[in-house]
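To start, the structure itself, in structure tokens.
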Ligand SMILES: [Zn+2]
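Numbering (my numbering), first residue to last: 1337 to 1650.
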């Protein structure tokens, strides 16, 4: 097994505290106990984040080296995972999309929290979304597109998606596009009497948490400013602005120039890599285990979900 980063996203409070959970359980989220078990399994393969970055930049990683990475600046990572790492004397790399520090929150996380907390399961959410969609002027376009839609041929590389997952993603990404998709989502949220402000509460870390992580020896790295889902589709100058703003804001917070990053939604082009090099970034992570182009700006990562043994999930 080559060296890799473990890619963490969402954490939830322990089940026994579920009634008052600040960080409720969601799709793919894990608890502190599960994280501990995973760290037990990885044992002394996990090396300090700074050392991993230095070895990677110098091309000196060994096959057993593993590092821990946390994307998206999530408050649940700080509240649930940071104490576990601290107790074990471990450090990780935290890749921050800085828009959240300026009140420009990516809707992706808000919508995720809405789905996770307001519906018994994902199918109930899909049903509510399509019911509302059917009552809008967009209905005809969606109906027309779904008439010839073949769920088995769409996103076939992701075996774990259900037919309903595929239909929803197809309508969201190929038929509606971000603007219309968000318009319907925002209507659905309003229809549930929930405000975006309520949903955004406790979702992201602030400057205080980032400063503390930095002081404790964790690595703070880039993850773009606004977290576009398809950064590769932006022009090179838009891409540069994403990473230059990201870098300037993080330097403001930590007083250290970031030299590491992870690619949001694994989306990048050769131009992105050239921009990152130009900004002084030496180490970058992909969002899967594929080798990419093999440069030190495309290091592989394994999603924590793939490291879970069935018994460990709680
Ligand atoms: Zn991300």
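Ideal Cβ placement from N, Cα and C applies to all residues, glycine included.
Range covered by the alpha helix (DSSP H) that runs through residue i
i	result
residue 1448	1443 to 1454
residue 1588	1572 to 1590
residue 1491	Unbroken run through residue 1491: none, as it is neither H nor E.
residue 1544	1543 to 1551
Euclidean distance between Cα positions of residue i and residue j
i	j	result
residue 1643	residue 1374	7 Å
residue 1378	residue 1471	50 Å
residue 1451	residue 1601	20 Å
residue 1395	residue 1518	43 Å
residue 1411	residue 1536	11 Å
residue 1469	residue 1475	6 Å
residue 1596	residue 1431	8 Å
residue 1510	residue 1492	15 Å
residue 1551	residue 1578	25 Å
residue 1392	residue 1487	40 Å
residue 1646	residue 1383	Summary for residue 1646: the model assigns pLDDT 44, below 50, so the residue's position carries little reliability, and this model does not support an answer.
residue 1555	residue 1387	10 Å
residue 1512	residue 1481	10 Å
residue 1348	residue 1369	10 Å
residue 1440	residue 1560	13 Å
residue 1576	residue 1611	6 Å
residue 1632	residue 1593	18 Å
residue 1628	residue 1573	23 Å
residue 1407	residue 1639	11 Å
residue 1399	residue 1501	36 Å
residue 1455	residue 1389	40 Å
residue 1625	residue 1397	16 Å
residue 1376	residue 1423	13 Å
Buried versus exposed call for residue i [16 or more other C-beta atoms within 10 Å across all chains shown]
i	result
residue 1409	buried
residue 1717	For the chain, the structure presents residues 1337 to 1650; residue 1717 sits outside this window and is missing.
residue 1448	buried
residue 1343	buried
residue 1599	buried
residue 1385	buried
residue 1571	exposed
residue 1288	Residue 1288 lies beyond the stretch modelled for the chain, which goes from 1337 to 1650, so this question has no answer here.
residue 1616	exposed
residue 1367	buried
residue 1494	exposed
residue 1496	exposed
residue 1436	buried
residue 1587	exposed
residue 1582	buried
residue 1380	exposed
Extent of the continuous beta strand (DSSP E) to which residue i belongs
i	result
residue 1405	1402 to 1407
residue 1558	1555 to 1558
Contact with chain D by residue i, beta-carbon distance below 7 Å
i	result
residue 1629	Among the chains in the structure shown there is no chain D, since it carries only a single protein chain.
Would you be able to state if there are at least three C-beta pairs under 8 Å between the stretch 1450 to 1464 and the stretch 1413 to 1432? no
Is the stretch 1530 to 1546 touching the stretch 1387 to 1406, taking contact as three or more C-beta pairs under 8 Å? No, the stretch 1530 to 1546 does not touch the stretch 1387 to 1406.
Could you name the residues, in chain order, whose CB is less than 5 Å away from a heavy atom belonging to ligand 1? 1407, 1408 and 1600
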